[in-house]
Every structure is written in structure tokens, then in C-alpha cells.
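Visitor: Questions regarding the structure given below will be posed in turn.
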Amino acid sequence: MSKSAELDRLLNQSPWTAGLSPAERARVERDTIERAWPAGAVIFPKHAPALHWLGVIEGMAKADNVDADGRSTTFIGVSAGGWFGEGSVLKGEPRPYAVVALRDTRLALLPRETFEWLLGTHAQLAPIWRAYGIVVRPTKGGDVAHSDAFYVIDRNGDERAGFLSPFIPGLLTRDLRRLAVT
8 MSKSAELDRL LNQSPWTAGL SPAERARVER DTIERAWPAG AVIFPKHAPA LHWLGVIEGM
68 AKADNVDADG RSTTFIGVSA GGWFGEGSVL KGEPRPYAVV ALRDTRLALL PRETFEWLLG
128 THAQLAPIWR AYGIVVRPTK GGDVAHSDAF YVIDRNGDER AGFLSPFIPG LLTRDLRRLA
188 VT
């Protein structure tokens, strides 16, 4: 199946693809699936298996939850060019939210297996985590705990700043404002 020019554009504009080797990029292109939904469609219902990392090729999607009283809480809205849903993919858990098309929407669905392959093994990632001062350890519940850190990444995928906890809101706000004008 041939991939669309729009998928190619999404991948070209996504900062995370810049460092891929030609073989890695070819696998991403080969494994990624494109699907479309009309505005208002439930793309994935709440508790659906998180089998893909989601990239918005066209349109806009949201992750939301509707409580028993019928009130909706939107966690994130993602427009063309954005990627989301990595948390559930990483955890291997069902999505704790529904994914809904806000407009006619076309998504790139990168399979979990490819996503995990791109991330690397714990042994491959450990030196990177150490370089950033991130301590990663398993918890009794099977989750992964890590030290608190906040990194500001610019649209080119370059780290602009890193903050380790404890976060001091006033200082963080001041520093982010300074970065915004540079």
C-alpha cells in the first residue's frame, strides 16, 4: 500500500524523525497505517487497547473522558502535525480516555511494536537517562518511577532548558518567559 504525501509531510515535520537512520525511517513508513474518521466520530473508545502512537495528519482529535453525570473533560486537543497517546502505549495499558475526531480527521497509526523498537531497550536508554540526571526504577506495582524533571524542547527538537524538581513556579515561569523571547 502506498503512503500519502500528507503522511510523508507529517513525518518530515516531526522533530523525532530527524535523527532516524534511513533504515529506521523506512520501517516507520512501512509500518505506519493511515485511517480517516468524520467529525464527531469516536476513533477509539475509552479503555480500547493502546496499540498505536497517534499522529494527526489532517483535522483535529481530542482525548477526553465523560463521567457518570455526562460531563466531559478534555485532556488534550491535537491538530495536524501533533502526536499523542504515547503514555498508554508505553504502559501497555488500555487508553484511560476516548479519542474523538473534532473535525474530519486522518491519523497516522504507528504500531506499538515499532514505537518500542524506536525507543530502544532499557540498556540502550540507561546512559541517556543518566546524562539527564533521571533516575528510573520499577515500582512494586510494575510501573516505572523516575525523578521529576521538566525539559523544554523547541519545535526543532532541540532541548532549550531542563529543570529538575523541586519546581519553583515563579522561577519556572520567569525562565519560560525568557526562553519564549529568544
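Take 8 as the starting number for the sequence shown in my numbering and just add one per residue.
We treat Cβ as the ideally placed atom computed from N, Cα and C, and that holds for glycine.
Could you give the DSSP three-state label for E100: helix, strand or coil?
Guide: If DSSP states are grouped into helix, strand and coil, E100 belongs with coil.
Visitor: Would a C-beta distance cut-off of 8 Å place G66 and R110 closer than the cut-off?
Guide: Taking 8 Å as the Cβ cut-off, G66 and R110 qualify as a contacting pair.
Visitor: Cutting at 6 Å between CB atoms, please list the residues of its own chain near A70, excluding the five before and the five after it.
Guide: Contacts found: F82, I83, Y104 and V106.
Visitor: Would you say A108 and A55 are within 8 Å of each other, going by their C-beta atoms?
Guide: For A108 and A55, no; Cβs fall outside 8 Å.
Visitor: Should G4 go down as buried or exposed, given a rule of 16 or more other Cβ atoms within 10 Å for buried?
Guide: Residue 4 falls outside the range modelled here, since the chain spans only 8 to 189, and no answer is possible.
Visitor: So within the stretch 51-128, which uninterrupted beta strand (DSSP E) runs reach at least 3 residues, ignoring any that extend past its ends?
Guide: Segments of the beta strand (DSSP E) lying fully in the stretch 51-128: 59-65, 67-73, 79-86, 105-108 and 112-118.
Visitor: Quick one: what's got a C-beta closer than 6 Å to S28's C-beta in the same chain, skipping five residues either side?
Guide: Cβ neighbours of S28 beyond the five flanking positions: none.
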